[in-house]
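S.K.: Have a look at the structure that comes next, please.
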Amino acid sequence: MGSPISNILAKIVLYHLLKKIIPKLPYSLPFIYKYVDDIFCAIPNNHEELTLKIFNSANNHVQFTIETETEQCVPFLGTKVIRLDNGDIILDGYLKIILRTRNTILLLL
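Residue numbers (the numbering used here): 64 to 172.
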């Protein structure tokens, strides 16, 4: 992220944004997890566009993206979050390939 205080600032900004955003949602979130500037939460089916619109309207300088579930899985922070048929959630290792073009190093996480 750059500066040593970037993580702290990201956490503070995200905290205040979520305090502003969550009351505007027309449904309750079953859970929400934060890590620095990443959020993982469950939203009702077919509410992706509305949710993204509400999140992105909170601050013009901060724009969110959304990862939708594919085959009952969503990548989050180097893991694969898997939703089982009974509603349980489990974590599995997730392979992410990153290419740093400056040093031409391929990293596997």
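Note that the Cβ used here is the ideal one computed from N, Cα and C, for glycine as well. Because the structure is a prediction, the values reported are computed rather than measured.
1. Just verifying my parser: in three-state terms, what is the DSSP assignment at Leu80?
2. DSSP three-state label for Leu172, please.
3. To test your reading of the DSSP string, which unbroken beta strand (DSSP E) runs of 3 or more residues are found completely within the region 80–105?
4. What does a CB cutoff of less than 7 Å around Lys74 pick up in its chain, not counting 5 residues either side in sequence?
5. Alpha carbon to alpha carbon, how far is Asp151 from Leu72? Give it in angstroms, no decimals.
6. Kindly indicate which three-state DSSP category Ile129 falls into: helix, strand or coil?
7. Does DSSP put Leu72 in a helix, in a strand, or in coil?
8. Helix, strand or coil for Leu115? Go by DSSP, reduced to three states.
M.R.: According to the structure shown:
1. In this structure, DSSP gives Leu80 a helical state, which the three-state scheme calls helix.
2. In this prediction, Leu172 scores a pLDDT of 40, lower than 50, which makes its location untrustworthy; the coordinate-derived value is nonetheless stated afterwards. Leu172 falls in the coil class under three-state DSSP.
3. Listed in chain order, they are 95–98, 101–104.
4. Hits under 7 Å: Val99.
5. If you take the alpha carbons of Leu72 and Asp151, they lie about 33 Å apart.
6. Ile129: coil per DSSP, three-state reduction.
7. In the structure shown, Leu72 adopts helical secondary structure according to DSSP, grouped into three states.
8. In this structure, Leu115 counts as helix in the three-state DSSP scheme.
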